[in-house]
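Take a look at the structure set out below.
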Amino acid sequence: TRTLVRSSVPQIILFYVTGVRTSYLVSRFQVKIRMLIELATAVAAIVGAMYLYLSRNNDYWKKENVVYIKPSSTYKLILSQILGKVDTSTVMQQWYTEYKQKRLRYVGSISVSERNLILIDLDLCKNVLTKDFQHFMARDLSPTTHEYISKHLFSLEGQEWKDMRIKLTPTFTSGKMKNMFLLMRRCADQLRDHIDKVVLQKGEFEVKDLIARFTTDIIATCAFGLEVNSIENRETEFYKVGLRMFAPKLTMILKLLMHRCLPGIAKFFKLNITDPNDTDFLSRIVKDTVEYRMKNNVVRNDFVDLLMQVKDKNPQEPYDKTDDTEIAGRSNLGAVNQKLQRTKEQLTLEQMTAQAFV
Numbered sequence: 057t058r059t060l061v062r063s064s065v066p067q068i069i070l071f072y073v074t075g076v077r078t079s080y081l082v083s084r085f086q087v088k089i090r091m092l093i094e095l096a097t098a099v100a101a102i103v104g105a106m107y108l109y110l111s112r113n114n115d116y117w118k119k120e121n122v123v124y125i126k127p128s129s130t131y132k133l134i135l136s137q138i139l140g141k142v143d144t145s146t147v148m149q150q151w152y153t154e155y156k157q158k159r160l161r162y163v164g165s166i167s168v169s170e171r172n173l174i175l176i177d178l179d180l181c182k183n184v185l186t187k188d189f190q191h192f193m194a195r196d197l198s199p200t201t202h203e204y205i206s207k208h209l210f211s212l213e214g215q216e217w218k219d220m221r222i223k224l225t226p227t228f229t230s231g232k233m234k235n236m237f238l239l240m241r242r243c244a245d246q247l248r249d250h251i252d253k254v255v256l257q258k259g260e261f262e263v264k265d266l267i268a269r270f271t272t273d274i275i276a277t278c279a280f281g282l283e284v285n286s287i288e289n290r291e292t293e294f295y296k297v298g299l300r301m302f303a304p305k306l307t308m309i310l311k312l313l314m315h316r317c318l319p320g321i322a323k324f325f326k327l328n329i330t331d332p333n334d335t336d337f338l339s340r341i342v343k344d345t346v347e348y349r350m351k352n353n354v355v356r357n358d359f360v361d362l363l364m365q366v367k368d369k370n371p372q373e374p375y376d377k378t379d380d381t382e383i384a385g386r387s388n389l390g391a392v393n394q395k396l397q398r399t400k401e402q403l404t405l406e407q408m409t410a411q412a413f414v
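No gaps in the numbering here: position 11 of the sequence shown is 67 in my numbering, and each next residue is one more.
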């Protein structure tokens, strides 16, 4: 409708289009409502699809007649981790104690649609870790394709894992492991002296922090060939890097969830679990240590020495059997040598860093 209004100025007529204006406002309101409905529908569809995808295996252990931990418990654990209220090891200990009292040998669980089997019986654990280890290469720690630091034995799968396992097999003998005991004993002596000194001066100390620094010293001396003594000096760079890499952070937890729930998207965007600066720091340590020992002919009987032996060994040269050969429960050294002929590539510096990182 149009409203005719006479102006005081001669021959000027004003028209107010009231009906069209009202119709235009209603139309815009309807468009916004329609857009909100479509957006809500799309969000609901996405959430529903994600729920169906993530819960597709929730009844797997029930179908297999295996006692299992309810998926709701694992989701509560994940939420508690994100909020920083609890750590995984504490919850795993609680689960172990609970189901061990029920005399169960194993228990199933569902973690973000992944089917996990938690072993409780020690004999089963022994078989998985030794005789039947080759059947359990998938350990729910799939590496990112662009992070070399994650490509260690506990993370690799498939043929990559088999090749790396064959290369490192001769290093894990009881005799070579015992050689590192002296290095660990030095750290233990430093810990004892520090406790004696602190008790005399203060009378009390924080055990958790001290044991964390003690563990850091053992890792540094056995795996990286460093004497850092973070027990006395917590300002050492190696200790600080370790704190940064393993401190629970919201961003790291979210990235881990992304790698587990949507691995394709995580790999496409190349989401790093660890800070590249920290991994480069560890890589430089290994590189400098290897170069120094090769130049000065230094032998320290630590893990770096074992990796150097694997790196420098001719891939076609068979490994000699020693009197203490306990190659992860496998006594057939000839089979190892036969498989080794297919693994002709030597260890790279990045691969050495990844193995030491474990």
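We put the beta carbon where it would ideally sit given N, CA and C, even for glycine.
8 Å contact criterion, which residue i and residue j should meet: CB distance rounded
i	j	result
residue 165	residue 113	Between residue 113 and residue 165 the Cβ distance is about 11 Å, and since that is not below 8 Å, they are no contact.
residue 357	residue 172	With a Cβ gap of about 37 Å, residue 357 and residue 172 do not count as contacting.
residue 308	residue 329	6 Å
residue 411	residue 224	7 Å
residue 355	residue 348	About 12 Å separates the two Cβ atoms, so there is no contact after all.
Residues bridged to residue i [DSSP beta-bridge criterion]
i	result
residue 171	166
Three-state secondary structure (DSSP) of residue i
i	result
residue 274	helix
residue 134	helix
residue 287	coil
residue 125	strand
residue 303	coil
residue 112	coil
residue 402	coil
residue 12	Nothing can be reported for residue 12, as the shown portion of the chain is limited to 57 through 414.
residue 92	helix
residue 353	coil
residue 315	helix
residue 161	coil
residue 225	helix
residue 250	helix
residue 325	coil
residue 258	coil
residue 83	helix
residue 139	coil
residue 235	coil
residue 209	coil
residue 176	coil
residue 343	helix
residue 282	coil
residue 413	helix
residue 187	coil
residue 120	coil
residue 192	coil
residue 97	helix
Contact check, residue i vs residue j, beta carbons under 7 Å
i	j	result
residue 300	residue 286	no
residue 279	residue 359	yes
residue 415	residue 163	Nothing in the structure corresponds to residue 415, since the chain is present only between 57 and 414.
residue 167	residue 227	no
residue 408	residue 362	no
residue 334	residue 297	yes
residue 147	residue 133	yes
residue 159	residue 180	no
residue 327	residue 311	yes
Close Cβ partners of residue i (< 8 Å) along its chain, the five nearest in sequence each way excluded
i	result
residue 282	276, 294, 341, 345
residue 250	266, 287, 288
residue 142	133, 136
residue 255	261
residue 216	207
residue 437	Because the chain spans 57 through 414 in this model, residue 437 falls outside it and cannot be assessed.
Neighbourhood of residue i by C-beta, 7 Å cutoff - its chain only, sequence neighbours within 5 removed
i	result
residue 156	176
residue 413	205, 208, 338
residue 367	402, 403, 408
residue 290	269
Sequence-distant residues of the same chain with beta carbon closer than 6 Å to residue i, five excluded per side
i	result
residue 240	274
residue 405	343
residue 127	114, 166
residue 117	124, 164
beta-carbon residue i near the ligand SAM non-hydrogen atom, thresh 6 Å
i	result
residue 215	Among the components modelled here there is no ligand, and therefore nothing to report on the ligand SAM.
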